[in-house]
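See below for the structure under consideration.
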Amino acid sequence: MSKSKPNIVLIAIDSLLADHMSCYGYERQTTPFIDRFAQDGTLFERTYSAHIPTTSAYASMLTGLDCFGTQVVALRHKGGLRQDMKTLPEMLRDEGYNTTCVGFTGNPSSRGFDTYLDYQAWGSWEEGRLPKAQYLNDVTLPELDRLCDEDKPFFLFLRHMDPHAPYLPPAPFERMFYHGDETDPENKSMEPVLAFKPFRDFLASWLPPGISDKDYV
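Here this note's numbering is used: the first residue of the sequence shown is -11, the next is one more, and so on.
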């Protein structure tokens, strides 16, 4: 690492809500490692996402512009970023940095990295219990070793997807906060949720069949 230019690791996590993180006061101990990290760092309490969809939010994160400035306003945005905009990896590359992006390959908002690496995907509800973070780590750690061996500072961007649907916690976490019977036929709490067709179609694409308790979801 250059003495004057620090290495930078940016960890982004899709679908992680502050109101369900214990470091922000949530009553369940959901984020112990992030809590520990926050104790030794800076915890921002008034931070706002530039936009809701992934593509436009990351475009803003990596350019410093809002969605009107980037003109990326939709999840399925077509085309790349405007050529007159510079992304963070492009700026850092101009300053002599090695730049690597893990888990955001092929997205127009991630323009400018030297290296793009992907990791094992998932789709069905059975795969929702897979250790997605571990898949990313398996790809990231060798790349981190390579970057550390280079005689240049580096910028490493990691896009984690663990909380993103299909989300079904792997063992032993699936029973950490829930001790009921998620398929109890007497429990009708999911009926109002499933009565709304967009929710019903979305949940049917990844939720195990027979779930009747909304607290489980």
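Note that CB positions come from ideal geometry on N, CA and C, so glycine has one too.
TODO: Using three-state DSSP, classify N86 as helix, strand or coil.
DONE: Of the three classes helix, strand and coil, the one that applies to N86 here is strand, per DSSP.
- [ ] Report the three-state DSSP secondary structure of H8 (helix, strand or coil).
- [x] Judged by DSSP in its simplified three-state form, H8 adopts helix.
Task: Backbone CA spacing between P197 and P157 [nearest angstrom] - done: CA-to-CA, the gap between P197 and P157 works out to about 16 Å.
Task: Where I199 sits in the DSSP three-state scheme - done: Correct three-state label for I199: coil.
Open item on the list: Please tell me whether F145 and C89 are closer than 9 Å, where the distance is taken between their beta carbons.
Closed with: Closer than 9 Å, so yes.
Task: Alpha carbon of M(-11) to alpha carbon of L76, nearest angstrom - done: With a pLDDT of 47 at M(-11), under the threshold of 50, the modelled position of that residue is not reliable, and the figure given next carries that caveat. When rounded, the separation of the alpha-carbon atoms in M(-11) and L76 is 19 Å.
TODO: Could you tell me whether the Cβ atoms of A159 and W194 are closer together than 9 Å?
DONE: Between A159 and W194, the CB-CB gap reaches or exceeds 9 Å.
Task: Range of the contiguous alpha helix (DSSP H) that encloses F25 - done: Unbroken alpha helix (DSSP H) run through F25: 20 to 27.
Open item on the list: Just to check my reading of the structure: C55 and S44 have Cβ atoms closer than 8 Å, yes? What is that Cβ distance to the nearest angstrom?
Closed with: That belief holds up - the Cβ atoms of C55 and S44 are roughly 5 Å apart, short of 8 Å.
Open item on the list: Assuming contact is defined by CB atoms lying nearer than 9 Å, are E162 and D201 in contact in what I supplied?
Closed with: With a cutoff of 9 Å on beta-carbon distance, E162 and D201 are scored as not near each other.
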